[in-house]
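Notes for the one structure printed next.
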Amino acid sequence: MSICLRCLKRALILPELSSSRAAFSTSASLHANPTKKKAVVPKTLAKAGRTLRLAKNKRVVTARPPAAGERKALRKKVVLSNTNALEVPGLDELSTETVRDGAKLRALEGKVVGFGAETVEALRCLEGFKPGQGWHLFRRPAALLRKDGVEMGEAIQRAREEKSVERQVVFGDKGSGKSVLLLQSMAMAYLQGWVVIHFPEARDITNAQTPYEPVQTADGKTAYVQPRYIASILSNIAAANRGLLNDLRITQQHNLPIPLQSNISLTRLVELGANDAQLAWPIWQAFLAEITAPSQPEKQGGLRPPVFVGMDGVDHIMRMSAYLDTEMKPIHAHDLAIAQSFTAMLAGKTKLANGGMIMAATSGSTRPSVPTLDHFLARAYALGHAEPLKAVRDALLEQTKVTVYDGDLAPLEQLNTSAMHPEVAAQVLELKYGIHHLQENDASLEKLQGFLQRFKVRLPKAAVWDAYLPKDENVVAVMESGVRVTKVAGLSKDEARSVMEYYARSGMLRGSPVTEGLVGEKWTLAGGGIIGELEKGTVGVRF
């Protein structure tokens, strides 16, 4: 019997026994972290070595960086003269004699009127000229005197004679001439010897770009003061009204942080606040108290002229501002001290003993959402046209007693539907058509009387408040105080022709004479005579 050693060796090696149980674990195997892959090192395509750098390709920056405030100053820079433009011969000028004579002022309606050198300097100090208004296109500053401007001049003259106060809010489409109307009103007030105060842009009050601090008011509430902004306004007032304020002296005792001489001029008082921002707010309060106090002729420098206060972009202070209080909640613009001062005058709470005008213009280019203000503006504008229509309807109803032809239709025909709210204008046409239809068909007197009785003047939808929108009670208190609302509409074709002829005489409108067809074309393309669009479409397109 032979034994195979190879088989014997295999038999001696015992087989490995595999475990019949799985290893104990409290988590599933799928929850284990996956194995990390090795990071792939990107291959460098460029070869190691030096890069060729030529001296001629190296950019050397030699210009200095802009200084603090330099860019803002360049952005707000206003050029008021173009030496390449022609001098317009025979251009009428807004003068003291003109603005004090109502007949002469009305004779200039519809004409382009220039500003005198002294007036231009005062308006420049008050920042009345805006960078985007096209002053740089012409030889000297001039503007079209419209019907609204004549009415403002008459209101200023009336306030001076009667020592009354005119409170106005001007609104309209973008580029319709609201800021220029405010500028002309400031010029007319300045020429009549008024103290002129101007807030050039209300957005600068509320956009949280200036330092602010809380103060306690006399009634125990908290207001927020912006020292640097108030100091800049005081600086503008001193520069523009220096000749007038030099003759006016302090007549009251004021609680100021610094001692003052008893006979200091108002110019010196304003300059103290302009030079020191920490004194700006108490100086502003003292200055406001002085110019709104009754005149004291028995005292030297005690006479007080009327006051003109204007603000552009007033819709920015009719809402919440960008400032935050100590609880990180937005501050309403009416809680900012300087805005509070203006709204108190606009609402009639601050009395102007010597008369004056408070004028505010809305903004079309930077207009924020202000539903409460929009409602009151639309309502006042609609009521201004609905009430004359209602008066005409009542007069016709009173006159038609015997026949359908007794009523005088002349007042109805004189209503200018082109300047009305579209919904009110449609009602005027409805009334005209109804009366003419009944007269042509020889209707009975009872039918005409019934038609007039059923005809009710309806307010436009925009003039009815939306119950789902919250009302801003601060704005309501101002707008329900009897403020007059004026809408600046587009130019008439005659006014557009006058402006385009001025462009042509200045040498800025060339290529074709100013004909009726050209005026109609540009007037239509300008959205019905929007002066800003008319300027862009005629002379602004070349620059």
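In the numbering used here, the protein residues as written are 633 to 1175.
Note that beta-carbon positions come from the ideal geometry of N, C-alpha and C, so glycine has one too.
When you compare the CB positions of Ala840 and Ala985, do they come within less than 7 Å of one another, or not?
Not a contact, by the Cβ cut-off of 7 Å.
Judging by CA-CA distance, which residue of Leu813, Lys795, Asp944, Ile890 is the nearest neighbour of Lys835?
Here residue 835 turns out to be Arg, not Lys, going by the sequence shown. Nearest of Leu813, Lys795, Asp944, Ile890 to Arg835, Cα basis: Asp944.
Quick one: grab the DSSP three-state call for His1053.
coil
Please list the terminal residues of the continuous alpha helix (DSSP H) segment that includes Ile890.
No alpha helix (DSSP H) holds Ile890; DSSP gives it neither H nor E.
From what residue to what residue does the beta strand (DSSP E) around Lys1119 run?
1116–1120
If you check the beta carbons only, do Thr838 and Ala965 fall under 7 Å apart?
yes
Residue(s) in a DSSP beta bridge with Val857
Glu845
C-alpha distance - Pro697 paired with Leu769, whole-angstrom precision:
30 Å
May I have a chain-ordered list of the beta strand (DSSP E) segments no shorter than 3 residues that lie completely inside the stretch 977–1061?
988–993
Just to confirm, are Val812 and Arg1137 a CB contact at a threshold of 7 Å?
No; because the gap between Cβ atoms is not below 7 Å, this pair is not in contact.
Just the C-alpha distance for Thr1156 and Glu1127, rounded to the nearest angstrom, thanks.
13 Å
Between Ala906 and the rest of its own chain, which residues show a CB-CB distance below 7 Å, the 5 nearest in sequence each way excluded?
Ala863, Leu866, Ser867, Ala870
Please state the DSSP three-state secondary structure of Val1171.
coil
Rounded C-alpha distance that separates Asp1026 from Thr1035:
16 Å
Residue of Leu920, Gln910, Gln816 minimising C-alpha distance to Gly746
Gln816
So the candidates are Gly875, Leu1029, Tyr1065; which of them puts its Cα closest to the Cα of Gln1233?
In the structure as shown, the chain starts at 633 and stops at 1175, and residue 1233 therefore has no counterpart that could be examined.
Rounded to the nearest angstrom, what separates Lys709 and Phe940 at their Cα positions?
25 Å
Given a cut-off of 7 Å, decide if Ala819 and Leu723 are closer than it, judged by their beta-carbon atoms.
no
DSSP state of Ile882 mapped onto helix, strand, coil
In the displayed model, Ile882 falls within coil according to three-state DSSP, outside both helix and strand.
How about Arg999: is its C-beta nearer than 7 Å to some C-beta of chain D?
The chain inventory of the structure shown lacks chain D, comprising one protein chain alone.
By the three-class DSSP mapping on this structure, what secondary structure does Ser897 have?
strand
Let me confirm a value: Lys1154 is counted as buried when at least 16 other C-beta atoms fall within 10 Å, else exposed. Which label applies?
buried
On the three-state DSSP scale, how would you describe Gly1160?
coil
Contact the stretch 701–708 vs the stretch 1119–1135: 3+ CB pairs below 8 Å
no
Opening and closing residue of the alpha helix (DSSP H) in which Arg782 lies:
It is Val, not Arg, that sits at residue 782 in the sequence shown. Val782 -> alpha helix (DSSP H) spans 779–794.
C-alpha distance - Gly1143 paired with Asp1040, whole-angstrom precision:
49 Å
Proximal residues to Leu684 (C-beta, below 6 Å), its chain only, five neighbours per side dropped
So no residue of the chain qualifies.
Segment contact flag, the stretch 803–811 with the stretch 915–929, C-beta cutoff 8 Å, min 3 pairs:
Between the stretch 803–811 and the stretch 915–929 there are fewer than three inter-stretch CB-CB distances shorter than 8 Å, so the stretches are not counted as touching.
Whether Pro938 touches Arg799 by CB criterion (7 Å)
No, they are not a contact pair.
Closest by C-alpha distance to Val857, when choosing among Ala850, Pro843, Asp851
Pro843
If you compare alpha carbons, which of Ile963, Asp1074, Gly934, Arg936 is closest to His948?
It is Ile963 whose Cα lies nearest to the Cα of His948.
For Ser867, which of helix, strand or coil comes out of DSSP?
helix
Tell me the rounded alpha-carbon separation between Arg778 and Met950.
A direct Cα-to-Cα measurement between Arg778 and Met950 gives close to 28 Å.
State the DSSP-derived secondary structure class of Pro1102, mapped to helix, strand or coil.
coil
Alpha carbon to alpha carbon, how far is Trp767 from Thr1170? Give it in angstroms, no decimals.
14 Å
Nearest-angstrom Cα separation, counted from Ala1012 out to Glu1105:
17 Å
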